[in-house]
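Below is one structure, written out as structure tokens; comments come after it.
Number of protein chains: 2
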Amino acid sequence: MRQPVTIKDVAIRAGCGVATVSRVLNNTGSASAEMRGRVIAATNALGFEFSEVARSLQSNTTRTIGCIVPSLANPVFADAVQGAQEAFQEAGYQTLLLCTNYDLEFEAQAIRTLTAKKVDGFVLTVSDALNSEGLKAIQSGGVPHCLLFNLAPANDQSWSVDDHSAALRVADAFVEKGHDHVGFLALKFKSSDRARQRYKGFVEGCSRNGMTPPALLEIDEDSQDLTALMKAFIEENPSITGIFASNDFLALATIRSARALGLTVPNDLSIVGFDGIEVGTMVEPSLATIVTNPKLMGAGAARTVLSVINGTPAPDLPDPNLTFSFRTGGSLAAPAAERVDDKRGVALSPSNNPTQKNDETQQERSK
Amino acid sequence: MRQPVTIKDVAIRAGCGVATVSRVLNNTGSASAEMRGRVIAATNALGFEFSEVARSLQSNTTRTIGCIVPSLANPVFADAVQGAQEAFQEAGYQTLLLCTNYDLEFEAQAIRTLTAKKVDGFVLTVSDALNSEGLKAIQSGGVPHCLLFNLAPANDQSWSVDDHSAALRVADAFVEKGHDHVGFLALKFKSSDRARQRYKGFVEGCSRNGMTPPALLEIDEDSQDLTALMKAFIEENPSITGIFASNDFLALATIRSARALGLTVPNDLSIVGFDGIEVGTMVEPSLATIVTNPKLMGAGAARTVLSVINGTPAPDLPDPNLTFSFRTGGSLAAPAAERVDDKRGVALSPSNNPTQKNDETQQERSK
DNA sequence: AGGTTTTTTGGAAACGTTTCCAAGGCTAGG
DNA sequence: CCTAGCCTTGGAAACGTTTCCAAAAAACCT
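In order, the protein sequences belong to chains E and F.
For the first sequence, the working numbering assigns the number -4 to the initial residue and increments by one for each residue that follows.
For the second sequence, the working numbering assigns the number -4 to the initial residue and increments by one for each residue that follows.
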């Protein structure tokens, strides 16, 4: 199916040269009113449309942006992609989407493919921004780009939630409710610097608050056996009274597993999630979580890329502390008294101050 | 930023003609071992990569597929897109994604844009497959395409859940539990033939089962005031004992609103959703719903498009009855007996207590 | 050796645009 | 009435490939 009607056909029909057709249709250069009319008429009669491919070759610009994310199954990315796509769309750019499934090989391949397609820019979430082969290629190729949900290396911009600070905030939330020892549940720890940031922040937050260092439970792809894993985890760490899950789905799954284990949330186990997906407000108890705005992030990254393409000043990155907020929810409460007592008996606490924590606990619970 | 190194540069460096370079690198046509070596060496030395744009112009094929869906905020589409994207990716095709936001104008525009970009095919979910301007353009342009989640017009293929049958099944599920009068809650009724199909099927299912025709509650974009709407709806239809929501999010929101109105689910009001998103199994009570497999649908549509591109036989569409299954859940149960009693007494009570409904009305109407 | 295949090679056309440039027709100023 | 300058116009080059074709080189026959 060859290009059905080309600029040449229009030129013939209008009885003029192709250059004239191009000028008229693009409103570039001059043309007599009469000529203009003939060209328009011919264009309509033939139903002519420019081939963007030929244009791209000639203009060396495709008005296409490569967008690379791990997966759309995670609504955070889905929303971010949509936000980016809309922003690009508005500026007359289309979006070539590729999902890496958290696979480094795919990631590199995706970048190569899109580079060959001569995209005008990239918005991408990589597995590890500091060591990404593909990202380096983009940088050295001088292709406009902006990271999304990554910790930006030097010289790079990234629209991202401040995972570290958010995790600190979660630690604060736990301690406010009187928890001393909690767990961190991570998915795809290996392939996501975001998860690692959250963990790092959480560890630091716990430490700052004088809490026991959080126990780490790291799981793989499928949460089929999450209940079993949790059982082992809790047995191994009998003093934990809460779990910080690295995303909301995981948090909800954790609640389900907790129920399956006969634990009630939040009494026996408090849960805090991350992302702030909407269903978190629909469940009972509602999910305490870090609320983020992925769509905004995606749109922001898009605007940044557009700005470097156009050579206009880049939009300001949002204040890191405004990239998230904490949402209280029924899934986080003071630990039940019995478990606190348990702990008192069991835990030979390190350099912190569990007594004081327990006071807080009492206070909270008496409300 | 011109193409940094072209086939010409390689040819010069290798001391041969461009035709030879092309042949060697594409493994088409013959070349002496020595020549081959020189070309490869030059390619590596220069870091040459083909420009897909130039290739596309020459070969009149872009290895790019246009993918159009209403939104990625709905995980059904997000999953479907991912499924399609993966299938295409595997076949060496990339995916140009556009979201219409349920806007007909955008839809038409999107199709025009992608047509100009000379995509090799389309996978798309349109608002109304029978009257879509853009779809007609695609058809008459002879561009390979496959619908997704649409009711296919004649001559077209569509990978879609059999919404009609699924809705029948939901009606059966309600009647099995002893419901007689239920409501149908629809979002974007105007702009989605899927929602309309579901409604149509549901009406028919209710009729077949001798139930009262379902009451229709149609809502717009934001469910902010869903609770208020539901209150009015239930007051207007005091005999309904259940609601079939046209998607799972809506179902979960409905449960939340029901709670806000002091109704318990499923005792006062049973809820059935549609789509089978995973969180439905994580909530309490779990959500009764129609389970679908959007990723499979997306991948299927992709395979269909690929088959018409390659001229190979199209994959069989799945048996319509296997495109969905019913998942039982705690949100669907028999209507509470007390409510039946209660209702008798309070038949005339105004809007104070929305939990009360009139069973006599129900029985009378059911004949 | 000479003629006949077969292989290897490179020039050039083509894909559909945009844009440079030169040429022609006009207008206007002298 | 002539010339300098402006507006219009179209030919042709360029963008980076692939592919057709013919020429050159190598191989294989008697």
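Think of the CB as a built atom: it goes at the ideal place given N, C-alpha and C, for glycine as much as any other residue.
Same chain, Cβ closer than 8 Å to residue i, neighbours up to 5 away in sequence not counted
i	result
F/ALA294	GLY78, ALA79, GLU81, ALA82
E/GLN192	LEU146, ASP158, HIS159, ALA162
F/GLY24	ARG18
F/LEU343	Confidence is the limiting factor: at F/LEU343 the pLDDT is only 34, short of 50, which leaves the residue's position unreliable and the question unanswerable from this model.
E/CYS11	MET30, ARG33, VAL34
E/VAL76	CYS62, VAL64, LEU67, THR90, LEU92, GLY293
Residues near residue i in its chain [Cβ-Cβ closer than 6 Å; skip 5 each side]
i	result
F/LEU130	VAL121
F/ALA14	none
E/ASN232	ALA210
F/VAL0	LEU41, PHE43
E/VAL237	Position check: residue 237 of chain E holds Gly in this sequence, whereas Val was assumed. Excluding residues within five positions, the ones whose Cβ falls inside 6 Å are PHE169, HIS174, VAL177, SER265.
F/SER302	ALA309
E/LYS338	Note on E/LYS338: pLDDT 42, under 50, position unreliable in the model; no value is reported.
F/ALA111	none
F/CYS141	VAL118, GLN152, ALA296, THR299, VAL300
F/SER320	VAL286
E/SER408	Since the first and last residues shown for chain E are -4 and 362, residue 408 of chain E lies out of range.
F/ALA9	ARG33, VAL34, ALA37
Beta bridge counterpart(s) of residue i as assigned by DSSP
i	result
F/GLU213	F/ALA181
E/THR90	E/ILE60, F/LEU92
E/PRO72	Residue identity check: residue 72 of chain E is Phe in the sequence provided, not Pro. The partner list for E/PHE72 (beta bridge, DSSP) is empty, contrary to what the question assumes.
F/SER265	F/GLY237
E/ILE285	E/PHE269, E/PHE321
E/PHE117	E/GLY61, E/HIS140
Inter-residue CB distance, residue i and residue j (contact presumed, cutoff 8 Å)
i	j	result
E/LEU211	E/ALA181	7 Å
F/LYS3	F/SER51	Incorrect: roughly 18 Å between the Cβ atoms, too far for contact.
E/ALA309	E/THR299	5 Å
F/PRO330	F/HIS174	6 Å
F/PHE197	F/PHE228	In fact, because the Cβ distance is near 16 Å, the residues do not count as touching under 8 Å.
F/LEU224	F/ALA248	No, F/LEU224 and F/ALA248 are not in contact; Cβ-Cβ is about 11 Å, not under 8 Å.
E/VAL278	F/VAL278	5 Å
F/GLY200	F/ASP243	Not really, about 19 Å apart at Cβ, beyond 8 Å.
F/VAL16	F/ALA28	Contact flag wrong, Cβ pair sits at about 15 Å.
Close-in-space but distant-in-sequence residues of the same chain around residue i (CB under 7 Å, 5 per side omitted)
i	result
E/ASN55	none
E/GLN358	Confidence at E/GLN358 is low in this model, with a pLDDT of 38, below 50, so its placement is unreliable and no value can be given for it.
E/GLU47	none
E/CYS94	VAL64, PRO65, SER66, LEU67
E/LYS183	TYR97, ALA190
F/THR90	ILE60, CYS62, ALA79, GLN80, PHE83
F/GLU128	ALA103
F/ILE304	ASP115, GLY116, PRO139
E/GLY87	ARG58
E/GLU85	none
F/GLN(-2)	SER46
E/PRO148	ALA124, LEU125
E/ALA73	LEU67
> Does the segment 38 to 50 of chain E come close enough to the segment 28 to 36 of chain F that 3 or more CB-CB pairs lie under 8 Å?
Replying inline: no
>> With three or more beta-carbon pairs closer than 8 Å as the criterion, would you say the segment 149 to 160 of chain E touches the segment 85 to 103 of chain E?
In response: no
>> Does the structure place the segment 161 to 177 of chain F close enough to the segment 135 to 143 of chain F that three or more beta carbon pairs sit under 8 Å?
In response: no
> Hey, which unbroken runs of the alpha helix (DSSP H) at 4 residues or more fall wholly within the segment -4 to 49 of chain E?
Replying inline: 2 to 9, 13 to 21, 28 to 41
> Does the segment 264 to 271 of chain E come close enough to the segment 197 to 209 of chain E to have 3 or more Cβ pairs within less than 8 Å?
Replying inline: no
> Between the segment 254 to 261 of chain E and the segment 319 to 333 of chain E, do at least 3 Cβ pairs fall closer than 8 Å?
Replying inline: yes
> Which residue spans inside the segment 121 to 183 of chain E form an unbroken alpha helix (DSSP H) run of at least 4?
Replying inline: 128 to 136, 158 to 171
> Are at least three pairs of beta-carbons, each pair with one atom in the segment 268 to 287 of chain E and one in the segment 61 to 68 of chain E, less than 8 Å apart?
Replying inline: no
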